[in-house]
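A.B. asks: Here it is, the structure in full.
There are 2 protein chains.
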Amino acid sequence: MKIGELSKQTKVSRDTIRFYENKDLLTDISRPYEWNNYKDYGENNVKRIQIIKYLQRFSFTLSECKVLLDERDASPNNCVDKNSAFKKKLELIEKQISELKQTRDALIALVEE
Amino acid sequence: MKIGELSKQTKVSRDTIRFYENKDLLTDISRPYEWNNYKDYGENNVKRIQIIKYLQRFSFTLSECKVLLDERDASPNNCVDKNSAFKKKLELIEKQISELKQTRDALIALVEE
DNA sequence: TTTGACCGTTGACTATAGTCCACGGTTTAT
DNA sequence: ATAAACCGTGGACTATAGTCAACGGTCAAA
Chain A
1 MKIGELSKQT KVSRDTIRFY ENKDLLTDIS RPYEWNNYKD YGENNVKRIQ IIKYLQRFSF
61 TLSECKVLLD ERDASPNNCV DKNSAFKKKL ELIEKQISEL KQTRDALIAL VEE
Chain B
1 MKIGELSKQT KVSRDTIRFY ENKDLLTDIS RPYEWNNYKD YGENNVKRIQ IIKYLQRFSF
61 TLSECKVLLD ERDASPNNCV DKNSAFKKKL ELIEKQISEL KQTRDALIAL VEE
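Protein chains in written order, with my numbering: chain A, 1 to 113; chain B, 1 to 113.
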């Protein structure tokens, strides 16, 4: 499908799709037409972008998404490493929460003065 | 004092001091020498930079620091607005904490599967 | 046929808080 | 006198996740 169709199906802008493409987050992109240089994006990119959006909801960065997508491409039966990635991310978020809590408590002490 | 001295007293790099200077966070900067173009940074900048570091500890941005410093410059007897700025920042941090907690809980649900 | 909708590429810009480099001038110590 | 240490300016670069605009080519419908 062409980029406009992919954009419509995923509700992600063309610019963003091209941005992902430059970051090597997408696959199966070809230029099947000889008379123009339009690209064709394979169907699987719909799912890839959905996965990206899903992972972003858990504050995964795009480069982390790339790692996960690459692993998914490499092994057909996955799930194991994915779980450990989630656990790592969970730890990071716990850490961020506790740091914010410290800042919050310090601020509360200030405001209450 | 010259920038090197200010850097030594505040433990902030010259580059950072110049960066602050460009953002109009510092005051009383002159070029008192006719034979060179060295600048002189007034003593008060030591305190200004200490205030910046203090506010940054509570995740105030530099532009927020500027607002607070400007208010401090404008009114000799301050403290009131400062407290409301702290309260606003506190609210923001509370919000960030609750957002992170939501993400955390969603992640926990995933990992426990 | 011509207009509007689409496509591709390139590059600049957003915000944040700096860091680092090059270039050239000055001051201080040896 | 000369080297090291200092000073100022300008610009580029870091990371993140896009967004926007310009320029030019192409496709579809009226």
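Here a beta-carbon is modelled for each residue, glycine too, at the ideal position from N, C-alpha and C.
Given 7 angstroms as the limit, tell me if residue 68 of chain B has its C-beta closer than that to any heavy atom belonging to the ligand NAP.
C.D. replies: Absent from the structure shown: the ligand NAP. Ligands present: none.
A.B. asks: Measuring alpha carbon to alpha carbon, tell me which of A/3, A/65, A/41, A/29 ends up nearest residue 52 of chain A.
C.D. replies: Checking every option, the nearest Cα to that of residue 52 of chain A belongs to A/65.
A.B. asks: Count the other CB atoms, across all protein chains shown, that sit within 10 Å of the CB of residue 104 of chain A; report buried if there are 16 or more and exposed otherwise.
C.D. replies: By the 10 Å Cβ count, residue 104 of chain A comes out buried.
A.B. asks: So the alpha helix (DSSP H) residue 37 of chain B belongs to, where does it begin and stop?
C.D. replies: That residue, residue 37 of chain B, is in no alpha helix (DSSP H); it is neither H nor E in DSSP.
A.B. asks: Using only the alpha-carbon positions, how far apart do residue 67 of chain B and residue 8 of chain B sit?
C.D. replies: So the two alpha carbons sit approximately 26 angstroms from each other.
A.B. asks: Suppose contacts are defined by Cβ-Cβ distances below 8 angstroms. Is residue 83 of chain A in contact with residue 46 of chain B by that definition?
C.D. replies: Not closer than 8 angstroms, so no.
A.B. asks: Is it buried or exposed, residue 29 of chain B, if we count other Cβ atoms within 10 angstroms and call 16 or more buried?
C.D. replies: Exposed, since its Cβ has fewer than 16 Cβ neighbours within 10 Å.
A.B. asks: Could you check the C-alpha separation between residue 91 of chain A and residue 13 of chain B for me, to the nearest Å?
C.D. replies: About 33 angstroms.
A.B. asks: Terminal residues of the continuous alpha helix (DSSP H) containing residue 60 of chain B?
C.D. replies: It is not in any alpha helix (DSSP H) - residue 60 of chain B carries neither H nor E in the DSSP assignment.
A.B. asks: Using beta carbons (cut-off 8 angstroms, strictly below), is residue 101 of chain B in contact with chain A?
C.D. replies: Judged by the 8 angstroms Cβ criterion, residue 101 of chain B is in contact with chain A.
A.B. asks: With DSSP as the reference, identify every bridge partner of residue 29 of chain A, one or two as the case may be.
C.D. replies: In the DSSP output, where bridge partners are listed per residue, residue 29 of chain A has A/41.
A.B. asks: Does residue 120 of chain B get closer than 8 angstroms to chain A when you measure Cβ to Cβ?
C.D. replies: Lying before the first or after the last residue shown, residue 120 of chain B is absent from chain B, which here runs from 1 to 113.
A.B. asks: Since I believe residue 31 of chain A is in contact with residue 39 of chain A (beta carbons under 8 angstroms), could you give me their beta-carbon distance rounded to a whole number of angstroms?
C.D. replies: Between residue 31 of chain A and residue 39 of chain A the Cβ distance is about 6 angstroms, and since that is below 8 angstroms, they are a contact.
A.B. asks: Apart from the five residues on each side of it in sequence, which residues of its chain come closer than 8 angstroms, Cβ to Cβ, to residue 37 of chain B?
C.D. replies: Same-chain partners within the cutoff: 31.
A.B. asks: Check whether the Cβ of residue 3 of chain A lies closer than 8 angstroms to any Cβ atom in chain B.
C.D. replies: No, residue 3 of chain A lies away from the interface with chain B (no Cβ there is under 8 angstroms from its Cβ).
A.B. asks: CB residue 96 of chain B to CB residue 26 of chain A, shorter than 8 angstroms?
C.D. replies: Contact flag unset, no.
A.B. asks: Relative to the alpha-carbon of residue 58 of chain A, which residue among A/18, A/87, A/71 has its alpha-carbon at the smallest distance?
C.D. replies: Nearest of A/18, A/87, A/71 to residue 58 of chain A, Cα basis: A/87.
A.B. asks: Of all the residues that make up the region 55–71 of chain B, which are near chain A by a beta-carbon distance shorter than 7 angstroms?
C.D. replies: Residues 58, 59.
A.B. asks: Which class does residue 111 of chain B belong to by DSSP, given the choice of helix, strand or coil?
C.D. replies: In the structure shown, residue 111 of chain B sits in a helix (DSSP, three-state: H, G or I).
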